[in-house]
Amino acid sequence: MAKRKETAKVLSQDRLSEGIYSLWLEAGEIAAQARAGQFVSVYTKDASRLLPRPISICETDREKGALRLVYRVAGAGTREFSSYRKGDTTEVLGPLGNGFPEIAAGKRALAVGGGIGIPPMLQLIKELKCDKAAVLGYRDQLFLKEEFERYAPVYLATEDGSAGTKGNVLDAVRAEGLEADVILACGPAPMLKALKAYAAERGIECWLSLEERMACGVGACLACVCRSAEVDGHSHVHNKRICKDGPVFRAEEVVL
Amino acid sequence: MKNTSVTIAGVELKNPVMTASGTFGSGEEYSEFVDLSRLGAVVTKGVANVPWPGNPTPRIAEVYGGMLNAIGLQNPGIDVFVSRDIPFLKQYDTKIVVNVCGRTAEDYVEVVERLSGEPVDLLEINISCPNVKEGGIAFGQDPKAVEAITKAVKAKAKQPIIMKLSPNVADITVMAKAAEAGGADALSLINTLTGMKIDIHKRTFALANKTGGLSGPAVKPVAVRMVYQTARAVKLPIIGMGGILTADDAIEFLLAGATAVAVGTANFHDPYATVRIAEGIGRYMDRYGIEDIRELIGAVR
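Quick mapping for you: the protein sequence lines, in order, are chains E and Z. The opening residue of the first sequence carries number 1 in the working numbering; numbering runs sequentially from there. The opening residue of the second sequence carries number 1001 in the working numbering; numbering runs sequentially from there.
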């Protein structure tokens, strides 16, 4: 495994819902190595915005050497990305981070995504070879739902109750009586915290993908740490690096 | 054959490009992108006598043309550093500069003594840390403290010492002279400028620490000015840094009086930045027919 910085060609750009965009990039070396749950650093063209934006990999197409990023426009950097059109190029570094673990075929897996934590769960649901279902939590507008449905049963939660269970992903899990041997999740911190507690109560294996403000994206700057239960291997304190040791952690590994 | 090597306190660097402490770890993460043997020196992230956990997150925030950081000098402490990071760096044909941080003079001296028998070329002393015995004012903000800490470290150091100056002072030449008087062998400047960013939507500070150090291209003109002033005030060699993103930026620092330069925040923008800048300096020399890089040092008066 080697990280690469590639000049990626934009294959397509689509708006999926309010502020949510889907970008397919030709980045063969990264696509060849990437696994579900990893991310890339995307650089803006304007050096007044120095730091790369860490964006999770939503899908990879190894045959085409392509990567799909589904991201939310949150500021000037991601707004620039959303202006890219077919044929444009952008600098991308990756694949970064560890990704989700392989899950044994005999287990029942629940892939849980909330908000902009939904995209990385798509590649995961594609790769999972066990009994699987997806639980997706939205504020109101849906995106990627039909694509998840190609690979697994999908359960929805919306804050306004416009689709699926009214409430959060855990409300949907309870309402639908979903059972699992392993939970894999990405989403906002309160959601991950609730899932961790839920899994611990029931003795369910649980893996969480975390996020934090990042600078280098490769484990050098120590900006994106999370509190870890055990002493970490790098600084020998209690801080794991989300970009390098994560972003996916065993729920017990991290203090949320 | 042109000469790109420079000498800092008797230590010859193959080219003037070093890494800026805190942006490059101990080189391991960036060795996936650049050949560390092509750098004049690797300057490590600050190391203390014991592990430091650092600050709460968020630790960084982007600002126009730069970034703020308040990592809080998270580091594994000198024992792990000596057993893991120095052997890693010894695999490369580059000079090793260890950045040292502490909360008291005793902390610094302990680290420096632990490094006395190690294959380290230079020590860089970060005096922007709060001095816990003096109410938390940074060592580098009081000339008496600068001279005292320089003397204390110099008395025990087996390697030449570089004092890294804080720009958060009224007159950096006063601090430079204090370091010179204390026995410093070289100076590096500038450390980051203290700044703040407020998130107007959340109505809170962007950094958990409220304030953080500003770095990146936004600080470069301040850094060039301070290098120029310091070069005229003291006889010590200077390692110039602050917002170097390109070879042109690095050359500005050399012309202002720096003997070597350090590349920091640029690594986050481009993991190949250090080698790209070293190559660019060579091209600049070719373009202007410069045989010896030393011709550039302090050439603009």
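Built from N, CA and C at the ideal position, the CB exists for glycine as well.
> Where does E/L192 fall in DSSP's three states?
Replying inline: helix
>> Is the beta carbon of Z/A1186 closer than 8 Å to that of Z/I1297?
In response: no
> What first and last residue would you give for the alpha helix (DSSP H) that runs through Z/P1271?
Replying inline: First-last for Z/P1271: undefined, no H or E at that position.
> Would you say Z/V1219 reaches chain E, if we count a Cβ-Cβ gap shorter than 8 Å as a contact?
Replying inline: no
>> Quick check on Z/R1294: does DSSP put it in helix, strand or coil?
In response: helix
>> Run through chain Z and tell me which residues come within less than 7 Å of E/N239, C-beta to C-beta.
In response: P1053, G1054, Q1074
> Which one of E/A34, E/K107, E/G99, E/G115 has the shortest CA to CA distance from E/A291?
Replying inline: There is no way to answer for residue 291 of chain E, as the model of chain E reaches only from 1 to 256.
> Can you tell me whether DSSP reads Z/P1143 as helix, strand or coil?
Replying inline: helix
>> So, for E/K126: in the same chain, excluding its five sequence neighbours on each side, which residues have a beta-carbon less than 8 Å away from its beta-carbon?
In response: A36, E59, Y151
> Straight-line CA distance for Z/E1106 to Z/E1147?
Replying inline: 15 Å
>> Once DSSP output is grouped into helix, strand and coil, what is the label at Z/R1301?
In response: coil
>> Between E/L208 and chain Z, is the shortest Cβ-Cβ distance under 8 Å, so that the two count as touching?
In response: no
> In three-state terms, what does DSSP make of E/Y21?
Replying inline: strand
>> With a threshold of 7 Å on Cβ separation, who are the neighbours of Z/A1178 within its own chain once the five nearest residues in sequence on each side are excluded?
In response: P1143, V1146, E1147
> On the three-state DSSP scale, how would you describe Z/P1130?
Replying inline: strand
> Ends of the alpha helix (DSSP H) at Z/L1089?
Replying inline: 1086–1090
> If you measure beta-carbon to beta-carbon, which residues of the stretch 208–222 of chain E are closer than 9 Å to chain Z?
Replying inline: E212, R213, M214, A215, C216, G217, V218, G219, A220, C221, L222
>> Cβ closer than 8 Å: which chain Z residues qualify as neighbours of E/K196?
In response: Residues of chain Z passing the Cβ test: none, with the nearest at roughly 18 Å.
>> Is there a C-beta anywhere in chain E that falls below 8 Å from the one on Z/H1269?
In response: yes
> If we count the other Cβ atoms within 10 Å of its Cβ and call it buried at 16 or more, is E/S41 buried or exposed?
Replying inline: buried
> In its own chain, which residues sit with a C-beta less than 7 Å from the C-beta of Z/D1085, not counting the 5 before and 5 after it?
Replying inline: S1026, T1044
> Quick one: is Z/Q1091 buried, meaning 16 or more other Cβ sit within 10 Å of its Cβ, or exposed?
Replying inline: exposed
> How long is the line joining the alpha carbons of E/S17 and Z/F1033, rounded to whole angstroms?
Replying inline: 37 Å
>> Let me make sure I understand the geometry here. Which of E/A66, E/K240, E/Y71 has the alpha-carbon closest to that of E/G28?
In response: E/A66
> By a C-beta neighbour count over all protein chains shown, 10 Å radius and 16 as the cutoff for buried, is E/P120 buried or exposed?
Replying inline: buried
>> Per the DSSP calculation, E/A185 is bridged to which residue(s)?
In response: E/V112, E/L208
> beta strand (DSSP E) containing E/D171: first to last residue?
Replying inline: Where E/D171 is concerned, there is no enclosing beta strand (DSSP E), although the alpha helix (DSSP H) it sits in stretches over 169–176.
> Out of curiosity, what's the CA-to-CA distance linking E/R85 and Z/V1063?
Replying inline: 27 Å
>> Within 8 Å of any Cβ in chain E, is that where the Cβ of Z/E1032 sits?
In response: yes
> When you compare each of E/D131, E/G19, E/P101 to E/A109 by their alpha carbons, which one comes out closest?
Replying inline: E/D131
>> Taking 8 Å as the threshold (beta carbon to beta carbon), is Z/A1262 in contact with chain E?
In response: no
> Could you give the C-beta distance for E/P247 and E/L210, rounded to a whole number, given that I count them as a contact under 8 Å?
Replying inline: 5 Å
> Of all the options Z/S1188, Z/M1196, Z/A1233, Z/K1210, which has the alpha carbon lying nearest to the alpha carbon of Z/A1223?
Replying inline: Z/S1188
>> Please list the terminal residues of the continuous alpha helix (DSSP H) segment that includes Z/T1230.
In response: 1220–1233
>> Strictly by DSSP, which residues pair up with Z/M1241?
In response: Z/A1262
>> For E/C226, list the residues DSSP reports as bridge partners.
In response: E/K240
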